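Please read the structure below before turning to the comments.
Number of protein chains: 2
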Amino acid sequence: MSHYHPLSETEAVELAKSIKDVFTTEDPLACREIGDGNLNLVFRVTQPATGAGVIIKQALPYAKVVGESWPLTLDRARIESESLIIQGKLAPGLVPQVYKTDNDLALTVMEDLSDHVIMRRGLMEGGIYPKFVEDISEFMARTLFFTSDLGMNQQEKKGLVRSFSNPELCKITEDLIFDDPYIDSPNNSFDEHLREDAAQLWKDTELHLEAALLREKFLTQAQALLHGDLHTGSIFITPESTKVIDPEFAYYGPMGFDIGAVLANLLLNYAAQEHWSEDAAARKERRNYLIQSVHDIWTSFERKFRTLWNEHGVDRMSKTPGYQDIYIHRLLQDTFGFTGAKMIRRIVGLAHVADIDKIPDPEVRKKAQRMALSIGKTLMMSNRKAMSIQEMIDIAESAVLA
Amino acid sequence: MSHYHPLSETEAVELAKSIKDVFTTEDPLACREIGDGNLNLVFRVTQPATGAGVIIKQALPYAKVVGESWPLTLDRARIESESLIIQGKLAPGLVPQVYKTDNDLALTVMEDLSDHVIMRRGLMEGGIYPKFVEDISEFMARTLFFTSDLGMNQQEKKGLVRSFSNPELCKITEDLIFDDPYIDSPNNSFDEHLREDAAQLWKDTELHLEAALLREKFLTQAQALLHGDLHTGSIFITPESTKVIDPEFAYYGPMGFDIGAVLANLLLNYAAQEHWSEDAAARKERRNYLIQSVHDIWTSFERKFRTLWNEHGVDRMSKTPGYQDIYIHRLLQDTFGFTGAKMIRRIVGLAHVADIDKIPDPEVRKKAQRMALSIGKTLMMSNRKAMSIQEMIDIAESAVLA
Numbered sequence: 001m002s003h004y005h006p007l008s009e010t011e012a013v014e015l016a017k018s019i020k021d022v023f024t025t026e027d028p029l030a031c032r033e034i035g036d037g038n039l040n041l042v043f044r045v046t047q048p049a050t051g052a053g054v055i056i057k058q059a060l061p062y063a064k065v066v067g068e069s070w071p072l073t074l075d076r077a078r079i080e081s082e083s084l085i086i087q088g089k090l091a092p093g094l095v096p097q098v099y100k101t102d103n104d105l106a107l108t109v110m111e112d113l114s115d116h117v118i119m120r121r122g123l124m125e126g127g128i129y130p131k132f133v134e135d136i137s138e139f140m141a142r143t144l145f146f147t148s149d150l151g152m153n154q155q156e157k158k159g160l161v162r163s164f165s166n167p168e169l170c171k172i173t174e175d176l177i178f179d180d181p182y183i184d185s186p187n188n189s190f191d192e193h194l195r196e197d198a199a200q201l202w203k204d205t206e207l208h209l210e211a212a213l214l215r216e217k218f219l220t221q222a223q224a225l226l227h228g229d230l231h232t233g234s235i236f237i238t239p240e241s242t243k244v245i246d247p248e249f250a251y252y253g254p255m256g257f258d259i260g261a262v263l264a265n266l267l268l269n270y271a272a273q274e275h276w277s278e279d280a281a282a283r284k285e286r287r288n289y290l291i292q293s294v295h296d297i298w299t300s301f302e303r304k305f306r307t308l309w310n311e312h313g314v315d316r317m318s319k320t321p322g323y324q325d326i327y328i329h330r331l332l333q334d335t336f337g338f339t340g341a342k343m344i345r346r347i348v349g350l351a352h353v354a355d356i357d358k359i360p361d362p363e364v365r366k367k368a369q370r371m372a373l374s375i376g377k378t379l380m381m382s383n384r385k386a387m388s389i390q391e392m393i394d395i396a397e398s399a400v401l402a
Numbered sequence: 001m002s003h004y005h006p007l008s009e010t011e012a013v014e015l016a017k018s019i020k021d022v023f024t025t026e027d028p029l030a031c032r033e034i035g036d037g038n039l040n041l042v043f044r045v046t047q048p049a050t051g052a053g054v055i056i057k058q059a060l061p062y063a064k065v066v067g068e069s070w071p072l073t074l075d076r077a078r079i080e081s082e083s084l085i086i087q088g089k090l091a092p093g094l095v096p097q098v099y100k101t102d103n104d105l106a107l108t109v110m111e112d113l114s115d116h117v118i119m120r121r122g123l124m125e126g127g128i129y130p131k132f133v134e135d136i137s138e139f140m141a142r143t144l145f146f147t148s149d150l151g152m153n154q155q156e157k158k159g160l161v162r163s164f165s166n167p168e169l170c171k172i173t174e175d176l177i178f179d180d181p182y183i184d185s186p187n188n189s190f191d192e193h194l195r196e197d198a199a200q201l202w203k204d205t206e207l208h209l210e211a212a213l214l215r216e217k218f219l220t221q222a223q224a225l226l227h228g229d230l231h232t233g234s235i236f237i238t239p240e241s242t243k244v245i246d247p248e249f250a251y252y253g254p255m256g257f258d259i260g261a262v263l264a265n266l267l268l269n270y271a272a273q274e275h276w277s278e279d280a281a282a283r284k285e286r287r288n289y290l291i292q293s294v295h296d297i298w299t300s301f302e303r304k305f306r307t308l309w310n311e312h313g314v315d316r317m318s319k320t321p322g323y324q325d326i327y328i329h330r331l332l333q334d335t336f337g338f339t340g341a342k343m344i345r346r347i348v349g350l351a352h353v354a355d356i357d358k359i360p361d362p363e364v365r366k367k368a369q370r371m372a373l374s375i376g377k378t379l380m381m382s383n384r385k386a387m388s389i390q391e392m393i394d395i396a397e398s399a400v401l402a
């Protein structure tokens, strides 16, 4: 099996049998392909007699989005498995365990997380996740700190920058987040009732300036090894457990891009409460939960990141008085900007979020969409002036009242 | 000759014979090793009958600085030859022509520039170089613009970032420029009469903060393919010609680092005029020449860079109104910071400049050293507030009057 080909279910079972840590008996295995077929094959191989199971994720040599198909590097499977392994070491228990990787076949055999749900789905169904704030702030603080020049050998870091060069997947982000939404691009996709709002975006050169500056950061700032696509669809969750998955967009970029992805997707769900909450009281309570999570994720992240810095910082110069405060302040500002950019692109860009797209009533959907757009724009416009996370809360709450 | 070994003169001649573009006749060749033996072998192979010649530069697997010897990657020869080739395409005529490279032997066969002098030496001898401002601003504007995300395909740029990963040589810069000068490090070296000034530097935490911020830029900002060591000892010059040599420190970093290297070395020579000028009137005239060059290099660079951007910019978002002004302003600020850092390290750090070290009278030398330190510190302290190149001129002129 040294040359690439898409695995059959029979081959998947054969491969799974070799994972002796999981399948400790000779009982028969069952296999089902559960991927959506757009980017990857995903096989779940289970052993009914013992309840054991693994996931085999194999990259396909193309991507299919909204009917279009284009070739896409298989190297993303290597990037995904290598970053899962790094993240697993730095943030134990917060990513699926990797049992085996095969770069020729572009696949990873990993922990089966069937007892978890995709967080986006969980939030749409009103789920409450008491461990999430601690887990995601821990994941981000540790993976970002320990892959940066603050927390690891600076020459070894340059080796990781090389290894995680990811031009094809970065290009998707550069286009879909930092370009298309700001022009009448054929890649955009939005409800016709948003045409006027979209046209407004395309004319808003002050907003374009912020987009250009954030784009530059994404293109040039090799600050830490990012997950690169850390939305709520890349998080498996239960009330007791959080597992970050799918880091195929991993590369060295600005930390605020990961933090912003998490916050943006909580705020998109916040806007979507126009539909998902039963009534005004439930909506208020739900939004309070979400906005408190946004607040607490930042403050927990900041506290943990500062502690890691003080206890594990490797760079003598980074201990200079005042430097940590400037660094954290810039991270906060970046987080405002990337949160905003990620909200906007989910409303007018190519790829949307189910939280909002699945709202059946067009009037209600439109209200949620415009609220998300408004929060996103305001966050982007304020990114270079932002002083505290409270301003993000205020912006979100003002958008509800508007 | 596939395995690395230091070349003998006989082998150098054999190699040179294969360069048929240069040695068009069968007349005999002569060879002399003219390197200083610290980092590289440098053979000049000439053909007395025709006057033709080439230089063969071969990396040695170690570096010898101030008696110390440590192993140093031969990969720097590949980095040097590949960046010479890129620079030669982007800035024709401003680097030596490369005839042949051999990565196994870690060598480059290139144009013989014996009719040029090292610019540092030329400046010490009072040379006037009417083409220098145009040439060096052209070199920097074109090499920096066309290797950045502004001027080249952004996915191909990521390939260059990988290819020019240069951890070992970057480490030298990180230590010698952005760390050692700010602590009582055994790597530092300075005249005993500067001990109090050095001790002052080590206590100046406000200055350390600026050093830490500039260090961060050097570590993380993959803005353009830098020369990486663009001081006046890396420039061969005549009144009619400028050739930038020795790009073995090339890597993707902040543009201001290259611009700052040029300006810092002009300002070090400016400070050194305490000795090199005949009298007060000559000193004034010479300093005016140098300071005018500093001014004109920046303004020519800015003009050319903006023109390239307007005519050859590849990034739609970079055309957003206001973005270019912010970008150039940040470049100016970076240039202030890196100019200052590079002046300070040449006075108290490991590697000095002959302009100042060769001043025989200790009192005169001390005056020049303290002037350079003062200019360097003021530039670093003002980097985040700088608004125009005129402020750099004012800082240099004030230091003379002080």
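Chain order of the listed sequences is A and B. Under full-length UniProt numbering, the first residue of the first sequence carries the number 1, and numbering increases by one thereafter. Under full-length UniProt numbering, the first residue of the second sequence carries the number 1, and numbering increases by one thereafter. Yeah, the Cβ is synthetic: ideal placement off N, Cα and C, and Gly gets one too. Computed from a prediction, not measured in an experiment: that's the story for all the values here.
Exercise for the section: Measure the beta-carbon distance from residue 220 of chain B to residue 141 of chain A and round it to whole angstroms, keeping in mind my assumption that it falls under 8 Å. Expected result: Your numbering for residue 220 of chain B matches position 220 in the second sequence. Your numbering for residue 141 of chain A matches position 141 in the first sequence. Contact between residue 220 of chain B and residue 141 of chain A does not hold, since the beta-carbon distance rounds to 18 Å and is not under 8 Å.
Handout entry: Boundaries of the beta strand (DSSP E) in which residue 111 of chain B is found, first to last residue
Key = In the second sequence, the residue the question calls residue 111 of chain B occupies position 111. Following the DSSP letters along the chain, one finds residue 111 of chain B inside the beta strand (DSSP E) bounded by residues 107 to 111.
Exercise for the section: Put residue 207 of chain B into one of helix, strand or coil per three-state DSSP. Expected result: Here residue 207 of chain B is taken as the residue at index 207 of the second sequence, counted from 1. If DSSP states are grouped into helix, strand and coil, residue 207 of chain B belongs with the helices.
Exercise for the section: Could you name the residues of chain A that residue 159 of chain B contacts, counting a contact when the two beta carbons are closer than 9 Å? Expected result: Translated into the one-based positions of the second sequence, residue 159 of chain B becomes position 159. Residues of chain A passing the Cβ test: 165 and 167.
Practice task
Determine, using beta carbons only, whether residue 257 of chain A and residue 169 of chain A come nearer to each other than 8 Å.
Solution key: Here residue 257 of chain A is taken as the residue at index 257 of the first sequence, counted from 1. Here residue 169 of chain A is taken as the residue at index 169 of the first sequence, counted from 1. No, the Cβ-Cβ distance between residue 257 of chain A and residue 169 of chain A is not below 8 Å.
Exercise for the section: Assign residue 310 of chain A to buried or exposed, taking buried as 16 or more other Cβ atoms, counted over all protein chains shown, within 10 Å of its Cβ. Expected result: Your numbering for residue 310 of chain A matches position 310 in the first sequence. With fewer than 16 Cβ atoms within 10 Å of its Cβ, residue 310 of chain A is classed as exposed.
Handout entry: residue 43 of chain A (DSSP reduced to helix, strand or coil)
Key = As a position in the first sequence, residue 43 of chain A is number 43, starting the count at 1. Looking at residue 43 of chain A - three-state DSSP - the assignment turns out to be strand.
Handout entry: Cut-off 8 Å between Cβ atoms - residues of its own chain near residue 390 of chain A, not counting five sequence neighbours on either side
Key = As a position in the first sequence, residue 390 of chain A is number 390, starting the count at 1. So the qualifying residues of the chain are 295.
Practice task
Answer with yes or no whether the minimum CB distance from residue 385 of chain A to chain B is below 8 Å.
Solution key: For the purposes of this step, residue 385 of chain A is taken as residue 385 along the first sequence, with counting starting at 1. No, because no Cβ of chain B sits closer than 8 Å to the Cβ of residue 385 of chain A.
Problem - Beta-carbon spacing of residue 407 of chain A, residue 164 of chain A below 8 Å - result: The structure shown does not extend to residue 407 of chain A, since chain A spans only 1 to 402, so no value can be given for it.
Handout entry: Short Cβ contact (8 Å threshold) for residue 402 of chain B with residue 374 of chain B
Key = As a working mapping, residue 402 of chain B is identified with position 402 in the second sequence. As a working mapping, residue 374 of chain B is identified with position 374 in the second sequence. Cβ distance < 8 Å, so residue 402 of chain B and residue 374 of chain B count as in contact.
Problem - Where residue 178 of chain A meets chain B, residues with beta-carbon distance less than 9 Å - result: The residue given as residue 178 of chain A occupies position 178 in the first sequence. What residue 178 of chain A touches in chain B: 317.
Exercise for the section: Please go through the stretch 27 to 100 of chain B and give each complete alpha helix (DSSP H) segment of 4 or more residues, from N-terminal end onward. Expected result: 75 to 90
Problem - Validate contact between the stretch 34 to 45 of chain B and the stretch 129 to 143 of chain B using beta carbons, cut 8 Å, 3 pairs - result: no
Handout entry: At least 3 beta-carbon pairs within less than 8 Å: the stretch 191 to 201 of chain A vs the stretch 362 to 369 of chain A
Key = Between the stretch 191 to 201 of chain A and the stretch 362 to 369 of chain A there are three or more C-beta pairs closer than 8 Å, enough to call the two in contact.
Practice task
Look at the alpha carbon of residue 143 of chain A and the alpha carbon of residue 388 of chain A, and state the distance between them as a whole number of angstroms.
Solution key: Taking the first sequence and counting its residues from 1, the one referred to as residue 143 of chain A is at position 143. Taking the first sequence and counting its residues from 1, the one referred to as residue 388 of chain A is at position 388. Taking the straight line joining both Cα atoms gives about 23 Å.
Practice task
Enumerate in chain order the residues of its own chain whose CB-to-CB distance from residue 46 of chain B is below 6 Å, with the five nearest sequence positions on each side excluded.
Solution key: The residue labelled residue 46 of chain B in the question sits at position 46 within the second sequence. These residues qualify, in order along the chain: 30 and 53.
Handout entry: Closer than 8 Å to chain B by CB, residue 398 of chain A
Key = By 1-based counting over the first sequence, the position of residue 398 of chain A is 398. No, residue 398 of chain A does not count as interfacial toward chain B.
Handout entry: Same chain only: Cβ atoms within 6 Å of residue 42 of chain B, ignoring 5 sequence neighbours per side
Key = Residue mapping note: residue 42 of chain B aligns to position 42 of the second sequence, counting from 1. Correct list, in chain order: 34, 35 and 57.
Exercise for the section: Determine, using beta carbons only, whether residue 203 of chain B comes closer than 8 Å to chain A. Expected result: Residue numbering aside, residue 203 of chain B sits at position 203 when the second sequence is read from its first letter. No, residue 203 of chain B does not count as interfacial toward chain A.
Exercise for the section: Have a look at A/270, A/149, A/207 and A/286 and flag the residue whose alpha-carbon is nearest the alpha-carbon of residue 353 of chain A. Expected result: The residue you call residue 353 of chain A lines up with position 353 of the first sequence. Of A/270, A/149, A/207 and A/286, the residue nearest in Cα terms is A/270.
Exercise for the section: Answer with yes or no whether the minimum CB distance from residue 1 of chain B to chain A is below 8 Å. Expected result: For the purposes of this step, residue 1 of chain B is taken as residue 1 along the second sequence, with counting starting at 1. Residue placement at residue 1 of chain B is poorly supported in this model, since its pLDDT is 45, which falls under 50; the coordinates still yield a value, given next. False, the Cβ-Cβ gap to chain A never drops below 8 Å.
Practice task
Please determine, among B/217, B/394, B/303 and B/241, the residue with the shortest C-alpha to C-alpha distance to residue 115 of chain B.
Solution key: Position 115 of the second sequence, counted from the start, is the residue given in the question as residue 115 of chain B. For the residues B/217, B/394, B/303 and B/241, the minimum Cα distance to residue 115 of chain B belongs to B/241.
Practice task
Can you tell me which of the three DSSP states residue 144 of chain B falls into?
Solution key: Start at 1 with the first residue of the second sequence, and residue 144 of chain B comes out as number 144. Residue 144 of chain B falls in the helix class under three-state DSSP.
Practice task
Could you name the residues of chain B that residue 209 of chain A contacts, counting a contact when the two beta carbons are closer than 8 Å?
Solution key: Here residue 209 of chain A corresponds to residue number 209 of the first sequence, with the count starting at 1. Among the residues of chain B, those whose CB is under 8 Å from the CB of residue 209 of chain A are 320, 321, 322, 323 and 326, following chain order.
Exercise for the section: Would you mind stating whether residue 74 of chain B and residue 182 of chain B have Cβ atoms separated by less than 8 Å? Expected result: Position 74 of the second sequence, counted from the start, is the residue given in the question as residue 74 of chain B. Position 182 of the second sequence, counted from the start, is the residue given in the question as residue 182 of chain B. Going by C-beta atoms, residue 74 of chain B is not nearer than 8 Å to residue 182 of chain B.
Practice task
Work out the CA separation of residue 232 of chain B and residue 266 of chain B for me, nearest whole Å.
Solution key: As a first step, residue 266 of chain B is located in the second sequence; it is residue number 266 there, counting from the start. As a first step, residue 232 of chain B is located in the second sequence; it is residue number 232 there, counting from the start. One C-alpha to the other measures close to 8 Å.
Practice task
Return helix, strand or coil for residue 139 of chain A, following the three-state DSSP convention.
Solution key: The residue given as residue 139 of chain A occupies position 139 in the first sequence. Here residue 139 of chain A sits in helix by DSSP.
Exercise for the section: In angstroms with no decimal places, state the Cα-to-Cα distance between residue 159 of chain B and residue 253 of chain A. Expected result: Here residue 159 of chain B refers to the residue found at position 159 of the second sequence. Here residue 253 of chain A refers to the residue found at position 253 of the first sequence. If you take the alpha carbons of residue 159 of chain B and residue 253 of chain A, they lie about 15 Å apart.
Exercise for the section: Could you tell me whether any Cβ in chain B is nearer than 8 Å to the Cβ of residue 80 of chain A? Expected result: Counting from one through the first sequence, the residue named residue 80 of chain A turns up at place 80. Not closer than 8 Å to any Cβ of chain B, the Cβ of residue 80 of chain A fails to qualify, so no.
Handout entry: Where residue 190 of chain A sits in the DSSP three-state scheme
Key = Your numbering for residue 190 of chain A matches position 190 in the first sequence. Of the three classes helix, strand and coil, the one that applies to residue 190 of chain A here is coil, per DSSP.
Practice task
Could you round the C-beta distance between residue 306 of chain B and residue 324 of chain B to whole angstroms and report it? I think they count as a contact, below 8 Å.
Solution key: Here residue 306 of chain B refers to the residue found at position 306 of the second sequence. Here residue 324 of chain B refers to the residue found at position 324 of the second sequence. Yes, they are in contact, since the Cβ atoms of residue 306 of chain B and residue 324 of chain B sit about 6 Å apart, within 8 Å.
Practice task
Give a yes or no on whether the minimum CB-CB distance between residue 171 of chain A and chain B is below 8 Å.
Solution key: Taking the first residue of the first sequence as position 1, residue 171 of chain A is located at position 171. So yes, residue 171 of chain A belongs to the interface.
Problem - Neighbourhood of residue 386 of chain B by C-beta distance below 7 Å, restricted to the same chain and skipping five residues each side - result: The count along the second sequence starts at 1 and reaches residue 386 of chain B at position 386. Cβ neighbours of residue 386 of chain B within its own chain (closer than 7 Å, five residues either side excluded): 332, 333 and 336.
Practice task
Name, please, each residue of chain A whose Cβ falls closer than 7 Å to the Cβ of residue 162 of chain B.
Solution key: If you number the second sequence from 1, residue 162 of chain B lands on position 162. Near residue 162 of chain B (Cβ distances below 7 Å), the residues of chain A are 162 and 165.
Practice task
Taking residue 403 of chain A as part of the beta strand (DSSP E), name the residues at either end of that continuous run.
Solution key: The structure shown does not extend to residue 403 of chain A, since chain A is modelled only from 1 through 402, so no value can be given for it.
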